[in-house]
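As structure tokens, the structure follows; a few thoughts come after it.
Numbering (the numbering used here), first residue to last: 6 to 239.
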């Protein structure tokens, strides 16, 4: 997915400070939310960003009387957070309600990537191909006729947190929340402990490969062709 848009609504009124955020992609928007929601600002600014709330992936509230999100890149009090997003996001003020006009952003159908939720895992290049846990073989395979829900849990953040690319995650298969791990050849198999983890971004970067034996997790050489990735849907 390319450019990603979100609305910011002024929490106390729908008349003013209506803002559209433009991010380089949906993952960057989630990383922005992680940085804002876990901000540890010093002294009197400790709760400066606390009134920014994520309603869903494309809709946020902000309280301009406390911190106007339009000033995210210009307010020196949040420079330690904002600098890492400069060049990857920008914010645009919309007309007040009396002016009537407002940009209509597209519904981009993005999945809300909440740690602990259940997802189908689908090919990012072939939407008919899904991960399926074959209980008879105790391994994860790719199928165009069957699919299994998998629970994805980030181990480095509290439950129900929006997951981002750098998170360390574990995988569990429906219906018994069976832990998924890898054997000595990298095949994804079920029934082990929940100790095996990987980076959340590995879903999209080609680390998981469809093979004759099933899904295999492996290393990627720096000069190797990029393999198709996978995406979470529900």
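No residue lacks a Cβ here, since even glycine has one placed at the ideal position from N, Cα and C.
Predicted model, so just to flag it, every value in this text is computed and none were measured.
Through-space distance from residue j to residue i, alpha-carbon basis
i           : j           : result
residue 120 : residue 55  : 21 Å
residue 151 : residue 37  : 35 Å
residue 204 : residue 211 : 12 Å
residue 7   : residue 110 : 14 Å
residue 125 : residue 196 : 19 Å
residue 167 : residue 218 : 32 Å
residue 67  : residue 215 : 43 Å
residue 154 : residue 180 : 8 Å
Where residue i sits in the DSSP three-state scheme
i           : result
residue 86  : helix
residue 42  : helix
residue 219 : strand
residue 161 : coil
residue 202 : coil
residue 175 : strand
residue 195 : strand
residue 123 : strand
residue 208 : helix
residue 61  : strand
Nearest candidate by alpha-carbon position, reference residue i, set the options
i           : options            : result
residue 88  : 77, 98, 97, 100    : 77
residue 92  : 100, 162, 34       : 34
residue 161 : 23, 188, 39        : 39
residue 213 : 186, 239, 196, 198 : 186
residue 95  : 9, 45, 14          : 9
residue 99  : 236, 25, 17        : 25
residue 224 : 237, 207, 236      : 207
residue 171 : 138, 202, 79, 182  : 202
residue 131 : 23, 222, 236, 14   : 236
Close beta carbons around residue i, own chain, < 8 Å, minus the five adjacent residues each side
i           : result
residue 165 : 119, 120, 121
residue 198 : 184, 186
residue 53  : 44, 46, 71, 72, 82, 83
Contact set for residue i: own chain, Cβ-Cβ below 6 Å, skip 5 residues either direction
i           : result
residue 209 : 234
| said: Below 8 Å, how does it come out for the region 110–119 and the region 59–72: are there three or more Cβ pairs, yes or no? | reply: Touching, yes.
| said: Does the structure place the region 135–145 close enough to the region 189–198 that three or more beta carbon pairs sit under 8 Å? | reply: In short, these stretches touch, since the Cβ pair count reaches three.
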